[in-house]
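The structure appears right after this line, and notes come after that.
Numbering (the numbering used here), first residue to last: 39 to 399.
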């Protein structure tokens, strides 16, 4: 069963399970979107509209992934051409890191402060020796405590189907998950109690709630928790000017996930990409549009293959892209109406609130 490929590695820390499913299942194991309303959008208003002086096309470095993809045939490449031109800014490493951190923080803040966002999603992830392809849609509306969102993806293999739906209606944050033939899971979290907990933690930014719950803000906020951004380059994707930003593991976060290797991780030489467990990323790369500060692409890089593996250059093992993006356009409020049957419902509010901690400022 393909579901066997979705099990997290046998690591000594249970926190890896959360990383695996947030970083891969939630983000990169999407499929065909079942939200059809407004799926085509107005390309003339999209942030992907062509700009002047387009850069020459580059070779698609995902050809190897596409040749192994599991799913129906495609009429066009799922993943757009990679960064077409990289120009490292002439700054020292400290300045590079500071600039990279500021851009990522500003991009996350811009997501929270947008009156509305609609975007289509496409994803590709390497799991073991297989490559899975997905697509979906994201819708967001409102600000602060009234912010609502819907993140929906579906994935199909040759024999199984996987679904993920996250809906925040400003009262509850709902998660519906179906993995292959396993029984579906339905969970919810009380938004008001989450807000009360954040106030006690001293989180005064009223726009910050969604980053603690789900949608596209939560996983990006978690990546900012786990990684430290060290470099920034000017680049382009489909004629859109972007910042290409690389992040590496926060040493203490990685040591907490891999306590047996903590001494090596904290040593001056550190742990190499080949020494990480299979499927665990070595670095993360954001491509953030310069004009809107919208994260158009997130890539997870690692040395693939069963361990032990020879040292080499990390390559993308998972890619998440947002396209046909519209900001501050009208949104159909029915997208946030969700009234599931309560059979099998698990309320996670008590556990979630008790474990909630502050994100990086």
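The C-beta atom is built at its ideal place from N, Cα and C for all residues, glycine as well. A quick note: this is a predicted structure, and the numbers were derived from the prediction, not measured.
Beta-bridge partners of residue i, as assigned by DSSP
i           : result
residue 356 : 163, 338
residue 176 : 157, 189
residue 365 : 155
residue 295 : In the DSSP output, where bridge partners are listed per residue, residue 295 has none listed.
residue 224 : 214, 383
residue 168 : 165
residue 324 : 283, 336
Run of the beta strand (DSSP E) containing residue i, from where it starts to where it stops
i           : result
residue 265 : 265–275
residue 190 : 186–194
residue 398 : It is not in any beta strand (DSSP E) - residue 398 carries neither H nor E in the DSSP assignment.
residue 316 : From DSSP, residue 316 is part of no beta strand (DSSP E); its letter is neither H nor E.
residue 285 : 278–287
residue 203 : 199–206
Span of the alpha helix (DSSP H), counted from its first residue to its last, around residue i
i           : result
residue 135 : 131–151
residue 232 : 229–238
residue 392 : 387–393
residue 301 : 300–304
Between the CA atoms of residue j and residue i - distance to the nearest angstrom
i           : j           : result
residue 7   : residue 149 : Limits of the chain in this structure are 39 at one end and 399 at the other, which puts residue 7 out of reach.
residue 384 : residue 230 : 17 Å
residue 218 : residue 194 : 9 Å
residue 182 : residue 381 : 31 Å
residue 308 : residue 316 : 17 Å
residue 313 : residue 346 : 8 Å
residue 320 : residue 163 : 15 Å
residue 358 : residue 174 : 11 Å
residue 129 : residue 282 : 15 Å
residue 280 : residue 325 : 6 Å
residue 250 : residue 256 : 6 Å
residue 395 : residue 223 : 25 Å
residue 370 : residue 351 : 45 Å
residue 294 : residue 168 : 29 Å
residue 397 : residue 232 : 14 Å
residue 276 : residue 327 : 11 Å
residue 262 : residue 399 : 10 Å
residue 216 : residue 378 : 14 Å
residue 386 : residue 238 : 19 Å
residue 201 : residue 348 : 35 Å
residue 354 : residue 392 : 35 Å
residue 252 : residue 211 : 8 Å
residue 139 : residue 339 : 19 Å
residue 300 : residue 254 : 30 Å
residue 388 : residue 221 : 23 Å
Whole-Å CB distance - residue i paired with residue j, under 8 Å assumed
i           : j           : result
residue 290 : residue 267 : About 16 Å; that fails the 8 Å criterion.
residue 188 : residue 165 : Between residue 165 and residue 188 the Cβ distance is about 26 Å, and since that is not below 8 Å, they are no contact.
residue 185 : residue 248 : 5 Å
residue 178 : residue 154 : 6 Å
residue 311 : residue 341 : 5 Å
6 Å CB neighbourhood of residue i in its chain, flanking five on each side removed
i           : result
residue 390 : 227
residue 157 : 176, 360, 363
residue 65  : Model confidence at residue 65 stands at a pLDDT of 38, short of 50, so the residue's coordinates are unreliable and nothing is read from them.
residue 246 : none
residue 213 : 204, 225
residue 180 : 186
residue 318 : none
Contacts around residue i, its chain only, beta-carbon distance under 8 Å, and the 5 residues preceding and following it disregarded
i           : result
residue 331 : 141, 144, 145, 148
residue 305 : none
residue 72  : A caution first: residue 72 carries a pLDDT of 23, below 50, which makes its placement in the model too unreliable to give a value.
residue 152 : 178, 365, 366
residue 375 : 207
residue 235 : 391, 394
Same chain, Cβ closer than 7 Å to residue i, neighbours up to 5 away in sequence not counted
i           : result
residue 265 : 285, 286, 287, 288, 322
residue 344 : 316
residue 303 : 289, 292, 293, 296, 309
residue 244 : 182, 183
residue 134 : 127, 268, 269, 270
residue 241 : 396
Distance cut-off 7 Å: residue i Cβ against heavy atoms of the ligand GDP
i           : result
residue 388 : In the structure shown, the ligand GDP is absent, as is every other ligand, since no ligand is present at all.
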